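Number of protein chains: 2
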Amino acid sequence: MNNPIGVFDSGIGGLTVVRELLRVLPDERIVYFGDTARVPYGSKSTDVIQKFADQIVKFLLSKEVKLIVVACNTVSATALDWLSSRYSLPIIGVIEAGAKRGVKATRNNKIGVIRTRATIGIKAYTTAIHQLRPGIEDHSKSCPLLVPIIEEGGDVELTHLALTRYLLNFKQKDIDTLILGCTHYPLIKDEIQQFMGEDVKLIDSANVVAHEVLNILNNTGIGTSQNINNPKHLFYFSDIPRGFKQLSKRFIGYPISYTKVILG
Amino acid sequence: MNNPIGVFDSGIGGLTVVRELLRVLPDERIVYFGDTARVPYGSKSTDVIQKFADQIVKFLLSKEVKLIVVACNTVSATALDWLSSRYSLPIIGVIEAGAKRGVKATRNNKIGVIRTRATIGIKAYTTAIHQLRPGIEDHSKSCPLLVPIIEEGGDVELTHLALTRYLLNFKQKDIDTLILGCTHYPLIKDEIQQFMGEDVKLIDSANVVAHEVLNILNNTGIGTSQNINNPKHLFYFSDIPRGFKQLSKRFIGYPISYTKVILG
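In order, the protein sequences belong to chains G and U. Just so we're aligned, residue 132 is where the first sequence starts under our numbering, counting upward by one. Just so we're aligned, residue 132 is where the second sequence starts under our numbering, counting upward by one.
Listed below in structure tokens is the structure:
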């Protein structure tokens, strides 16, 4: 099936998921929607998030996508089941995929999860992890300042001080696996690895979800039959703030063309 | 005129303006709208901000306000003239008021301005300052991480490190007046004063705009004739995120009742 794969996020972070999809599935076309006019979702309530997510899914369906990746952890936590029950195409979230890889990776059954905020979806990873293996000790920590620090350039000293605030406790808990529960975190993966030490396995949900999509395409036979160089991807954002060109390049790794679309 | 005063902001920060209005004008009723579902505005483009601001003004007019305070620096910088030309009631922004007080306060004609982001409205304070006194040397600095740090509780060490990053240059420029160009900043006024030193005069736009409103009410004769204890203020927000009760209390100084209203 040569239709594109839809990917959406509350903003720009989902581009790290696109980067991994392009690496793992180089022949597939991507249609991306980032809701930059209404970011962040993390502090919004469930009904607002469901309404926004529904508008985005309808937009992606108008682009004839065959599968949708919800690259946003907040939407994955609060609206994935709700979306899946309303639409017939496969809709993949980042949380279950990340939890699965985390459970597979841990040796001492102690997993940490870092997230954006202690708001809605707080139990989503815990629930997913315990459904896979009930005995696991999981520790969750919200790190609300990491996203703004990353978006403002990732100042090394500020990043380190924020990591110290947020992650020191994880070192004392002896976790051996850390799930990066936000699509921004791959950009400071090296700093996190350095802070936690080389023995802690980091689970990057962008990478994990790309392999999940690969499996689904293989199992359902809806992968593309085309074998073209540089398939044309489409990037839509609900707002193009100043400095966006540089910022998007940092997230996806190369300069992209994009179109502004206002929803709602 | 016993109609209420309307105040709006992209989110919760404008509550520091309400706090000052209540202090300076204890008999006036306030209707507040905070666009918490669509905050922050600082990274949005002008047409999006104008559209959102127009929706909010229409909402406040439906509450029969006699005057509107635009407590948001971004809206004041990008949409105030546009709004004033469309509506006949007085619409007051924070920038001109802050600039006026700053120019009045400086002795050495060197003024600093701190703002949320180096995006739109970057020249708004400079323009306002130079219209009042062309010879003034003004220095502007965007401090994008201060708002998230304040909203996450104002960790002292992180605040200090961020202030060092942002304000060190101001100390070398020998400014004697610093305009706090964001309604969040009064919450870390003490830390900023301590960092800049006691000789630097801080201009808190919340306080300045409250006195501006007092003047307008006196000059136009539209102040309330009522003299009632505890007039009933109304607070509307487009979303009520978790933890909002505590956060709003920090901004306005006491617990408030509020109603959720979705615009657009």
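Glycine residues also receive a C-beta, built at the ideal position from the N, C-alpha and C atoms. Here the structure is a predicted model, which is why all the values come from computation and not from measurement.
Beta-carbon contacts of residue i that lie in its chain and below 6 Å, excluding the five residues immediately before and after
i, result
"asparagine 133 of chain U", "Thr355 and Gln357"
"glutamate 322 of chain U", "Thr290"
"phenylalanine 90 of chain G", "Beyond the ends of chain G as shown, which are 132 and 395, falls residue 90 of chain G; an answer cannot be given."
"aspartate 370 of chain U", "Thr167 and Ala168"
"lysine 254 of chain U", "none"
"serine 396 of chain G", "Residue 396 of chain G is absent from the model: chain G starts at 132 and stops at 395."
"proline 362 of chain U", "Arg160"
Inter-residue Cα distance where the pair is residue i and residue j
i, j, result
"histidine 342 of chain U", "leucine 152 of chain U", "8 Å"
"threonine 205 of chain G", "tyrosine 172 of chain G", "7 Å"
"lysine 320 of chain G", "isoleucine 260 of chain G", "22 Å"
"isoleucine 334 of chain U", "tyrosine 163 of chain G", "44 Å"
"isoleucine 245 of chain U", "aspartate 212 of chain U", "22 Å"
"proline 372 of chain G", "glycine 395 of chain U", "20 Å"
"arginine 264 of chain U", "lysine 197 of chain U", "31 Å"
"leucine 378 of chain U", "glutamate 282 of chain U", "7 Å"
"proline 157 of chain U", "threonine 258 of chain G", "50 Å"
"glycine 374 of chain U", "phenylalanine 190 of chain U", "25 Å"
"leucine 277 of chain U", "tyrosine 297 of chain U", "9 Å"
"arginine 217 of chain G", "lysine 182 of chain G", "12 Å"
"lysine 175 of chain G", "tyrosine 367 of chain G", "22 Å"
"lysine 376 of chain U", "serine 388 of chain G", "41 Å"
Cβ neighbour criterion (16 or more within 10 Å) applied to residue i
i, result
"tyrosine 385 of chain G", "exposed"
"valine 287 of chain G", "exposed"
"glycine 229 of chain G", "buried"
"arginine 169 of chain G", "buried"
"threonine 390 of chain U", "exposed"
"isoleucine 359 of chain U", "exposed"
"isoleucine 393 of chain G", "exposed"
"serine 273 of chain U", "buried"
"glycine 224 of chain G", "buried"
"glycine 140 of chain U", "In the sequence on display, residue 140 of chain U carries aspartate and not glycine. The residue is buried, with at least 16 neighbouring Cβ atoms inside 10 Å."
"leucine 299 of chain U", "exposed"
"threonine 351 of chain G", "exposed"
"aspartate 269 of chain G", "buried"
"glutamate 329 of chain U", "exposed"
Residue i in three-state terms, based on DSSP
i, result
"threonine 355 of chain G", "coil"
"glycine 229 of chain G", "helix"
"leucine 277 of chain U", "helix"
"histidine 315 of chain U", "coil"
"leucine 156 of chain G", "coil"
"tyrosine 256 of chain U", "helix"
"glutamate 195 of chain G", "coil"
"isoleucine 143 of chain G", "coil"
"valine 170 of chain U", "coil"
"glutamate 322 of chain G", "helix"
"serine 207 of chain G", "helix"
"valine 339 of chain U", "helix"
"aspartate 305 of chain U", "coil"
"leucine 220 of chain G", "coil"
"leucine 365 of chain U", "strand"
"leucine 333 of chain U", "strand"
Anticipated Cβ contact below 8 Å, residue i with residue j, distance rounded
i, j, result
"valine 155 of chain G", "leucine 345 of chain G", "5 Å"
"phenylalanine 301 of chain G", "leucine 309 of chain G", "7 Å"
"arginine 150 of chain U", "alanine 293 of chain U", "The pair is not a contact, with the Cβ atoms about 24 Å apart (cut-off 8 Å)."
Sequence-distant residues of the same chain with beta carbon closer than 8 Å to residue i, five excluded per side
i, result
"serine 215 of chain G", "Ile222"
"aspartate 305 of chain G", "Asn239 and Lys241"
"phenylalanine 326 of chain U", "His291, Leu294, Thr295 and Leu298"
Contact test: residue i Cβ vs the ligand GTP heavy atom, cutoff 7 Å
i, result
"tyrosine 256 of chain G", "Among the ligands in the structure shown, none appear at all, so the ligand GTP cannot be discussed."
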